[in-house]
Every structure is written in structure tokens, then in C-alpha cells.
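Start counting the sequence shown at 67; every next residue gets the next number (this note's numbering).
Single-structure report; data block below.
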Amino acid sequence: MLQHVITRDDRTRRWEDYVVPQNWGSFTKDDHAVWDLLFARQVDLLGSRVVSAFLDGIDLLKLSHPGVPDVEGLNAILEPRTGWRTVAVPGLVPDEIFFAMLSERVFPVGNFIRARKQLDYLEAPDCFHDMFGHIPMLAHHQYAEMARHIGELGTAAIAAGEGHRAARIYWHSVEFGLAREHGELKILGAGLASSFGESHFSLESDKVERLPFSVGRAVNTPYRHDAFQPLYLVSESLESTVDEILAMTPEELLEL
Ligand SMILES: [Fe+2]
């Protein structure tokens, strides 16, 4: 998720400087049990309420295997497929670093998992959000290319002092987007797919607005990261949003 203020220090650092060993062996028995509990609960909760590419990704990446996934195991499947790989980070990375990673097909995943007593409350996205929410979609070829392109757009937008433009595209598609599939409203975004409370809310609540996704609307729609969204953007289809974002140049983004 994107919620960082970039400091002067960050500007002199490369994305590689934020990568840490996952230390998979240091996850405790209870950590693995928490993953299993979250995974089983969320798969059951989502059912078919999520785009089919997400469910395909869960299968392809063998995420139903018990315990916290190790990044090497994920990468052994993901990298040959779409060129993407995961790296472990200790927490949120600055937007500039995050977009630089995306532009090189690198996705940062937290090297920690929430505590059992905080199953539904997260101060920072943990490896369940990152690995369950995001990584399945990166096994989808067109989506994977879109995510890389958002990294390029973000890097260019930040350089122009307009980082929020790319952050909003990311937010309203990759994190909290909805999409139609065979006429039905489905979850697209990782923030929804990995959320116990907001996944059903986003689809079923009559207290929120749902408007058609367009890059222009996304860029001009602020978001909040401290509460459920008051508004969701709905892609006509996953493919149409991929095509629209891929067609956007950094120059065009700055003019929206
Ligand atoms: Fe996220």
C-alpha cells in the first residue's frame, strides 16, 4: 500500500537497499498456523467473488500449501512465468522505491505476519496481504505487464512532483478495484481480496458509490487508507483496464 512521505534520505537510496532476507526459518509454528487460518478463512469468504485470474494464481503458485510461503519457492514458479519475483522487506517502502521495484517486476512482501490477536487489524500490510492479496494476480500475463507499467508511470510521476497521480491509479485498480466478469461484479484489488471485512462490503454495501473505472477518473479520485473506501471504481473487465493503463504514457498521465 502507498502511504509514505518521501524523505531526503530515501532519495539517495536504491530499491535494493530495502530488501532483507525473508528468514523463512524464523517464522514460528504459530506464525504458520496464523497463515493457515487466514488463508482458509479468506478462500472460504471469497468463494467466487474474486476475478478468476486471482483463483488461477492461487492454484498456479500453490498458495494453498500449508504455512507461510517462502519467497524462493514462489519465485521458482512466478519468475519463469511472468518475469516477476518477490523480495522480502521489513515493512512499507517509500512510494518512490515501491514504483521503482514494480518497474523492474519486483514485488515487496513483508517479512512478518500479523499476530493471532490482530487477525483483522493491521498497522502495516503483512505477508498475508502481500502474498495472498497481490502475488496471485502477478501470475496473469497481462496484469503482470500492467503492474510493471504502473511502476514506470509512478517513477515518472514522482520525478515530476505528481506521484499521487500514479498512486491513485494503483489504488483504484491494484489495491481496491472491482471488475466485471461475465456480467458479475467481482473483487480485483488485493486490499479487498485479502480483507475479511471489506471484501463483502465492497460488493454488497449500499452505502458506497461504485463508478466505472477509467484512468482519468482514478487519477482524479482521492482515496483513504485508514478506513473502508467510500467509493470503488469498477473495471468493465480486467482486460479493458489492463489495456487502458498500458496505453497511458507518462506524459499523458501528467495532463489528466
Ligand atoms: Fe497492497
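Idealized CB from N, CA, C, for every residue including glycine.
Because the structure is a prediction, the values reported are computed rather than measured.
{"query": "Residues near N177 by beta carbon distance below 8 Å, same chain, minus five either side", "result": "V86, P87, Q88, N89, A154, V155, P156 and C193"}
{"query": "Whether S239 touches A205 by CB criterion (8 Å)", "result": "no"}
{"query": "Buried versus exposed call for H200 [16 or more other C-beta atoms within 10 Å across all chains shown]", "result": "buried"}
{"query": "beta-carbon G243 near ligand 1 non-hydrogen atom, thresh 7 Å", "result": "no"}
{"query": "Simplified DSSP assignment, three categories, for N175", "result": "At residue 175 the sequence reads Val, which differs from the Asn that was named. Of the three classes helix, strand and coil, the one that applies to V175 here is strand, per DSSP."}
{"query": "P33 - partner residues in DSSP beta bridges", "result": "Lying outside 67 to 322, the shown extent of the chain, residue 33 is not represented and no answer is given."}
{"query": "Start-end ranges of the alpha helix (DSSP H) lying completely within the stretch 81-121, minimum 4 residues", "result": "95-112"}
{"query": "E250 in three-state terms, based on DSSP", "result": "strand"}
{"query": "C-beta atoms of G257 and S301 nearer than 8 Å", "result": "no"}
{"query": "heavy atom of ligand 1 below 7 Å from P191 C-beta", "result": "yes"}
{"query": "Distance, Q184 Cα to P132 Cα", "result": "20 Å"}
{"query": "Enclosing beta strand (DSSP E) for V155 [first to last residue]", "result": "R151 to V155"}
{"query": "Coil, strand or helix - M212 by DSSP", "result": "helix"}
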